[in-house]
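Mapping the sequence shown onto numbering that gives the first Met the number 0, position 42 (from 1) lands on 41, and the numbers just tick up by one.
What follows is a single structure, written as structure tokens, with notes after it.
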Amino acid sequence: MKRPLQTILLALSGLGLLHASLFTDLCLRYVKAGMRPALIASGAVLLALAVAEAWPRRRPGRGTEPAAHEETDDGHHHTDDDHAGHGHDHSGVPRVAWLLLLPALSLLFYAPPALGAYTASRQAPEAVPEREHFDPLPSTSPVPMTLTDFTSRVQQDRKQAIKGRGIQMTGFVTPGGGGDGWYLTRIILTCCAADAQSIKIRIYGTPALPANTWVSVTGTWHPGGALGTKSAPVALDAHTVKKITRPSNGYTDALPFPAP
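Next up, the structure:
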């Protein structure tokens, strides 16, 4: 690969990372917020390498020594430059190398959308860890709750503390496919988009808003099966559904932080 292409790739990759992590919040579509400093540092290093690669270099000895002569059997004299001309030129750029420009350019001009309903609709819900102890629910109504906590209390809390209580949860809309209802969803990242998992709550009682719309839902548990066991449906009868802005911690199943 020739130096100009190397320089261009390094510069575009560095600028793309800085654009996504330092000058915008695009990186938060694909990684957790804790990874942002590492992305900024990586972008700065790539940009510094591009500058170093583009810096003119003096080649020692170039043009200071006459070309060596060699006499062949036919009596002709050939220089080292003549031999170089008969060799194979390996300085060309493989065509496939130019494809490396596409991901670098995409960071600058076309950022892929955040993970959402399309991903969640093709995943099985994340398995919720087994719990033996549940703290008493606060007396406030409705009770703010994460999707994971709601799932655990519905299927594992033998005291049935959630029964009849008003619950408030936040997530985005995922179409429910066949049948009644739709899903309130959160996507959880351990590190980046490659390890994404989803958790979903079935919502009944209100029509679904467009896919990927972030909403705050208030309602009560949708009865069915035996509450506190695996037979209980992880579902909510919605009383109100309010459209909201995507929270800044959208890739965690936590109580929402407002967007900055």
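No residue lacks a Cβ here, since even glycine has one placed at the ideal position from N, Cα and C.
- Excluding five sequence positions before and after L46, the CB atoms of its chain that fall closer than 8 Å to its own CB belong to L9, A10, G13, L14 and L17, given in chain order.
- A37 and V44 have their C-alpha atoms roughly 11 Å apart.
- Only exposed fits P112, as fewer than 16 other CB atoms lie within 10 angstroms of its CB.
- Rounded to the nearest angstrom, the Cβ distance from L146 to D252 is 5 Å, consistent with a contact under 8 Å.
- Uninterrupted alpha helix (DSSP H) stretches at least 4 residues long and entirely within the segment 125 to 172 occur at 146 to 155, given in chain order.
- K242 and P55 have their C-alpha atoms some 56 Å from each other.
- Annotation for S215: the continuous beta strand (DSSP E) segment containing it runs W213 to W220.
- In the displayed model, C26 falls within a helix according to three-state DSSP.
- Around the Cβ of A49, a 10 Å sphere holds 16 or more other Cβ atoms; the residue is buried.
- Buried is the label assigned to Y250, since at least 16 other Cβ atoms lie within 10 Å of its Cβ.
- C-alpha of P206 to C-alpha of W181: approximately 8 Å in a straight line.
- Across the structure, P128 and R2 are spaced so that their CA atoms are roughly 52 Å apart.
- Taking I39 as the centre and dropping the five residues before and after it, the same chain places the C-beta of S20 and L21 closer than 6 Å to its C-beta, in chain order.
- Y109 counts as exposed, since fewer than 16 other beta carbons sit within 10 angstroms of its beta carbon.
- Within its own chain, the residues whose Cβ lies closer than 7 Å to the Cβ of A231, once the five positions on either side in sequence are excluded, are V153, Q154, G223, G224 and A225, listed in chain order.
- The C-beta distance from L254 to P137 rounds to 12 Å, too long to meet the 8 Å contact threshold.
- For A116, the uninterrupted alpha helix (DSSP H) segment begins and ends at A116 to A119.
- For V172, the closest alpha carbon among the candidates G165, V233, L107 and A119 is that of A119.
- Looking at the backbone, the Cα of L183 and that of L25 are separated by about 23 Å.
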